[in-house]
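Numbering (our numbering), first residue to last: 4 to 238.
No residue lacks a Cβ here, since even glycine has one placed at the ideal position from N, Cα and C.
First comes the structure, then the notes that go with it.
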Amino acid sequence: MSSLLKVDNLESYIGLFTILHDVNLEINKGEAVALLGRNGAGKTTFLKTLMNLVDTRSGSIELNGKSLVGVPTHKIAKMGIGYVPEDYGVFDALTIEENLKVAMWKEDKETLERLDYILELFPDLKIAYKRMAKTLSGGQRQMLSISRALVNKNQILLIDEPSKGLAPVVIEKLAHALKEISQNTTVLLVEQNFAMACAVADKFFIISEGKTVESGNIKDLMQDKELQNKHLGVV
Ligand SMILES: Nc1ncnc2c1ncn2[C@@H]1O[C@H](COP(=O)(O)OP(=O)(O)OP(=O)(O)O)[C@@H](O)[C@H]1O
């Protein structure tokens, strides 16, 4: 497997506050990776730093060997990073169809095939295709948000806490869809819901106080109650 995203000694800041102190992580093409850690550990800030929505002070971020540091956010997106923010990032006043069309870089055969795939993956969206996004449930909005990133030919999807605020039955559905997505696309998933992370990811990294402190195979973490208690508070 070849390295797709490589982050070394990353430090980033918001205003006067240094949020990330030392983040190191490597993701290979085709992997499904969970980024875990307690509330306020720096997971969202890390995704935002990758997208240059938060400023990097030092360290390196490379996608396929090309530096992302200082690159404008829209160019990072075009380099193949699909970002699904925590607050959905959908347009309430547009229908599902319009939300997807607005997100498309182009409307070629490949994109339209991806759109068909999305509507198979999320039948809820197919049924409600002409409905305004504001009328959708939390789960449907999350599906739409993921679909907006999925409709383009991205190299990696960054998904920030997709399970947040959703009912267990919806989370299960979403986990299933994300597992399916991860068969074709490299995924970096930020999650507080450990069961969801385990259902989707093969590998994990843990962030604590702005530093990556642990990494490995998620199957090993599932067995390691001590590590779970130390960094995740999972009982
Ligand atoms: N705009 C901001 N100004 C100052 N500090 C901030 C800002 N945004 C985030 N932080 C701080 O950065 C730290 C990391 O926050 P972040 O949201 O990245 O954590 P997280 O691991 O994603 O947690 P959560 O799951 O609760 O969102 C926290 O201490 C938070 O208070």
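Do LYS233 and ligand 1 come close, with the Cβ less than 8 angstroms from some heavy atom? For LYS233, the Cβ stays outside the 8 angstroms cut-off from all heavy atoms of ligand 1.
Tell me, which residues are paired with ASN220 by DSSP? Answer by DSSP bridge pairing, in chain order: LYS206.
Cutting at 7 angstroms between CB atoms, please list the residues of its own chain near GLU164, excluding the five before and the five after it. Scanning its chain for C-beta atoms nearer than 7 angstroms, with the 5 sequence neighbours on each side dropped, one finds around GLU164 the residues GLU89, VAL193, GLU194, GLN195, in chain order.
I want to check one thing, is the minimum distance from the CB of ALA44 to the heavy atoms of ligand 1 below 8 angstroms? With a threshold of 8 angstroms, the Cβ atom of ALA44 counts as near ligand 1, since some heavy atom of the ligand is closer than that.
Local conformation of ARG117 per DSSP, three classes: DSSP places ARG117 in helix when its eight states are reduced to three.
Quick one: Cα of TYR120 to Cα of ILE30, how far? For TYR120 and ILE30, the distance between alpha carbons rounds to 25 angstroms.
What is the rounded straight-line gap between the Cα of PRO75 and the Cα of SER211? The alpha-carbon atoms of PRO75 and SER211 are separated by roughly 28 angstroms.
Using a Cβ cut-off of 9 angstroms (strictly closer), state whether LYS9 contacts chain B. In the structure shown, chain B cannot be found, because there is only a single protein chain.
Output the distance between the C-alpha atoms of MET225 and TRP108, rounded to the nearest integer angstrom. Roughly 39 angstroms between the two C-alpha positions.
What's the C-alpha gap between SER61 and LEU23? Taking the straight line from one Cα to the other gives about 10 angstroms.
So does the region 37 to 53 actually touch the region 132 to 143, counting three or more Cβ pairs closer than 8 angstroms? With a cut-off of 8 angstroms on Cβ pairs, the region 37 to 53 is not in contact with the region 132 to 143, counting fewer than three such pairs.
When you compare the CB positions of MET199 and LEU235, do they come within less than 9 angstroms of one another, or not? Result no, Cβ atoms of MET199 and LEU235 do not sit closer than 9 angstroms.
Flag VAL193 as yes when its Cβ comes closer than 8 angstroms to any non-hydrogen atom of ligand 1, and as no otherwise. At a cut-off of 8 angstroms, the beta-carbon of VAL193 counts as near ligand 1: some heavy atom of the ligand is closer than that.
Starting from the C-beta of ALA106, find all residues in its chain whose C-beta is less than 6 angstroms away, skip the five residues before and the five after it, and write them out in chain order. Contacts found: ARG151, VAL154.
So, for GLU217: in the same chain, excluding its five sequence neighbours on each side, which residues have a beta-carbon less than 6 angstroms away from its beta-carbon? The residues are ILE209.
Considering Cα atoms alone, identify which of ALA44, LEU7, GLU14 is closest to GLU34. Selected option, being the one with the closest Cα: LEU7.
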